[in-house]
């Protein structure tokens with residue numbers, strides 16, 4: 007589900023996108039950019055949707071999984087390169103229906119916007135506070151323990167339940183604002199707890215398997 011942090015990042019990207027476009031036109035045309043801005047605003051507004059879709063697909067709105075600044079830069083550069091290439095193709099195929107067919111402008115804009123995104127995302131990653139939410143881990147595999155260690159210190163509480171017990175589970179998660187539920191799909195006992203966890207899914211809670219979470223966090227497939 008879309009939370010407040012996602013909306014904040016999306017709004018921030020819109021501000022950065024607009025600023026990058028204005029700066030691009032100023033560099034190219036000087037102070038007389040009003041006419042150019044009028045002709046560029048519609049096609050670049052359409053391109054913004056394309057960029058946002060790619061950002062979403064590449065988890066650039068999930069700062070919890072991108073605390074490593076090297077991975078942040080690598081992911082942003084890769085995503086922006088794909089977005090730029092896609093933008094070129096969009097202008098190539100739909101150019102006759104658009105008011106402009108920018109070439110230099112598009113490359114310059116992409117470089118400026120990518121720089122803005124890197125700076126803002128790095129600031130967010132390096133200055134993000136400990137989340138007031140909790141994380142619920144179900145299972146006792148080595149992967150679950152590694153994920154527990156990763157989340158410790160990033161969330162107020164990391165709840166790991168190895169031996170599932172219905173009463174214990176209800177007590178441990180009662181009145182806890184949980185952000186993620188990560189369960190070991192190899193343990194059949196986890197399935198018996200789903201009727202307890204379903205009410206949580208009505209809120210802004212994400213559920214994923216250990217394999218998915220492990221790959222998202224550590225950028226590698228668990229050995230098991």
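Residue numbers (our numbering): 7 to 230.
Positions of the beta carbon are idealized from the N, C-alpha and C atoms, including for glycine.
This structure is a prediction, so every number in the text was calculated from the model and none was measured.
Decide if residue 46 is buried, meaning its Cβ has at least 16 other Cβ atoms within 10 Å, or exposed.
As a first step, residue 46 must be located in the chain shown, where it is residue number 40. Buried is the call here.
Going by the CB atoms, is the gap between residue 202 and residue 139 shorter than 9 Å?
Numbered from its first residue, the chain shown carries residue 139 at position 133. Numbered from its first residue, the chain shown carries residue 202 at position 196. Against a cut-off of 9 Å, the Cβ pair of residue 202 and residue 139 comes out as no contact.
Contact the region 60-69 vs the region 10-24: 3+ CB pairs below 8 Å
Enough Cβ pairs lie closer than 8 Å, so yes.
CA-to-CA distance, residue 227 to residue 165, given in whole angstroms:
On the chain shown, position 159 is the one that residue 165 refers to. On the chain shown, position 221 is the one that residue 227 refers to. Each residue's Cα considered, the two are about 23 Å apart.
Runs of 3 residues minimum, wholly inside the region 15-80: which ones carry the beta strand (DSSP E) assignment?
none
By how many angstroms is the C-alpha of residue 115 removed from the C-alpha of residue 57?
Reading the chain shown from its first residue, position 51 is the one you call residue 57. Reading the chain shown from its first residue, position 109 is the one you call residue 115. If I take the Cα positions, the gap works out to 13 Å.
In the DSSP assignment, find the alpha helix (DSSP H) that holds residue 158 and state where it starts and stops.
As a working note, residue 158 is residue 152 in the chain shown. Where residue 158 is concerned, there is no enclosing alpha helix (DSSP H), given that its DSSP letter is neither H nor E.
DSSP beta-bridge partners of residue 164:
For the purposes of this step, residue 164 is taken as the residue at position 158 of the chain shown. Residue 164 pairs with 141.
Would you grab the beta carbon distance between residue 213 and residue 187 for me? Rounded to a whole angstrom, and I think it's under 8 Å.
Taking the chain shown and counting its residues from 1, the one referred to as residue 213 is at position 207. Taking the chain shown and counting its residues from 1, the one referred to as residue 187 is at position 181. The Cβ separation is near 4 Å, so the contact holds.
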